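Numbering-wise, the sequence shown is residues 1 to 142 according to UniProt numbering.
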Amino acid sequence: MSEPPTGDRPGYLIKRAQQALNQACTDRLRPVELSMSQYAVLRALDDHPGASSAELARITFVTRQSLRDVLGGLRSAGLVTVAEQAATGRARPVALTPPGRAKLRAAEDLVTEVETRMLGDLSADQRRYLADLLRTCVDNLA
Numbered sequence: 001m002s003e004p005p006t007g008d009r010p011g012y013l014i015k016r017a018q019q020a021l022n023q024a025c026t027d028r029l030r031p032v033e034l035s036m037s038q039y040a041v042l043r044a045l046d047d048h049p050g051a052s053s054a055e056l057a058r059i060t061f062v063t064r065q066s067l068r069d070v071l072g073g074l075r076s077a078g079l080v081t082v083a084e085q086a087a088t089g090r091a092r093p094v095a096l097t098p099p100g101r102a103k104l105r106a107a108e109d110l111v112t113e114v115e116t117r118m119l120g121d122l123s124a125d126q127r128r129y130l131a132d133l134l135r136t137c138v139d140n141l142a
């Protein structure tokens, strides 16, 4: 059996969709002055209040060094705070500020617009099936 052309391989298609989504979100987030990485960190903090830098790096799929850079920008903009000392151990919790929460709310609407455009005319059943298939792919590699 011959291999499918590169453009038809599942890994290639997933990466292509991810790149297209990332670029569309980046373009859409520009008016609210957020990068996709910054949005991902704000979103993660909303889901995981008080997460440490290490936890945020894991959740957002970036290196600790990249996260340090992203957090620096978010701190400078007053969108997050990092505790001066750890509550336990060495991990210092990171928190959304009220301006960070407001920025996240504005950004969520923009990202939702992009995701809606990406899914296009897929029915609700097709959207659920797509999500199920992608979760299965992730689980198969975990």
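Cβ atoms here follow ideal geometry from the backbone N, Cα and C, with glycine treated the same way.
Since the structure is predicted, the reported quantities are computational estimates derived from the model, not experimental observations.
Presumed contact (8 Å Cβ cut-off) between residue i and residue j, rounded CB distance
i	j	result
residue 156	Val-41	Since the first residue shown for the chain is 1 and the last is 142, residue 156 is missing from the structure and cannot be characterised.
Thr-112	Ala-95	24 Å between Cβ atoms; not a contact.
Gly-50	Pro-98	Wrong, their Cβ atoms sit about 16 Å apart, outside the cutoff.
Ala-77	Val-32	The pair is not a contact, with the Cβ atoms about 11 Å apart (cut-off 8 Å).
Contact set for residue i: own chain, Cβ-Cβ below 6 Å, skip 5 residues either direction
i	result
Lys-103	Leu-79
Ala-57	Arg-64, Leu-67
Tyr-129	none
Arg-28	Leu-110, Val-114
Sequence-distant residues of its chain with Cβ nearer than 7 Å to residue i (five each side left out)
i	result
Gln-38	Val-70, Gly-73, Leu-74
Ala-54	Arg-64, Ala-91
Residue i - partner residues in DSSP beta bridges
i	result
Ala-95	Thr-81
For residue i, three-class secondary structure by DSSP
i	result
Asp-109	helix
Gly-50	coil
Thr-136	helix
Arg-90	coil
Ser-123	coil
Val-62	coil
Ser-2	coil
Ala-142	coil
Beta-carbon contacts of residue i that lie in its chain and below 8 Å, excluding the five residues immediately before and after
i	result
Cys-137	Pro-10, Ile-14
Met-118	Ala-17, Ala-20, Leu-21, Ala-24
Gln-85	Arg-92
Beta strand (DSSP E) segments (min. 3 residues) lying fully within the region 5–53: Whole beta strand (DSSP E) segments, 3+ residues: zero.
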